[in-house]
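Everything below concerns the one structure shown next.
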Amino acid sequence: MSYLYHSAMFGLEEKTLLKNALIKYVASLQKQYFANKTLDKHTYETQMDYVRSCVEKLHLNELYKL
């Protein structure tokens, strides 16, 4: 079934690596915004929109179906 998760740009292992890196990045953003209060709301929302855009462009959301 791995053929479902293949794109011309990245294979399943590469997509998994990218997804894991994005999860760590999002966790860092959330810590800065919610816990440390070192990130303003606009910056946080802008960065989260950027993450969503990357996930969509790279078709990483299909990895959550595994």
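Going by the working numbering, the first residue of the sequence shown is number 1192, and it counts up by one from there. Beta carbons: idealized from backbone N, C-alpha and C, even for Gly. Predicted model, so just to flag it, every value in this text is computed and none were measured.
Which of the three DSSP states, helix, strand or coil, is assigned to residue 1192? In the sequence shown, residue 1192 corresponds to position 1, counting from 1. Note that residue 1192 has pLDDT 45, beneath the 50 cutoff, so the model's placement of it is unreliable and the number below is only indicative. Three-state DSSP puts residue 1192 in coil, outside helix and strand.
Backbone CA spacing between residue 1202 and residue 1243 [nearest angstrom]
Along the sequence shown, one-based indexing puts residue 1202 at 11. Along the sequence shown, one-based indexing puts residue 1243 at 52. Spanning the two alpha carbons is a distance of roughly 20 Å.
Can you say whether residue 1206 is buried or exposed, counting buried as having 16 or more other CB atoms within 10 angstroms of its CB? On the sequence shown, residue 1206 is found 15 positions in, with the first residue counted as 1. Per the 10 Å Cβ criterion, buried.
Considering just the uninterrupted stretch of the alpha helix (DSSP H) at residue 1240, what are its terminal residues? Counting from 1 along the sequence shown, the entry for residue 1240 is found at position 49. Residues 1232–1248.
Going by DSSP, what residue range makes up the alpha helix (DSSP H) through residue 1212?
As a position in the sequence shown, residue 1212 is number 21, starting the count at 1. Residues 1203–1221.
Can you tell me which of the three DSSP states residue 1252 falls into?
Position 61 of the sequence shown, counting from 1, holds the residue named residue 1252. Helix, per DSSP.
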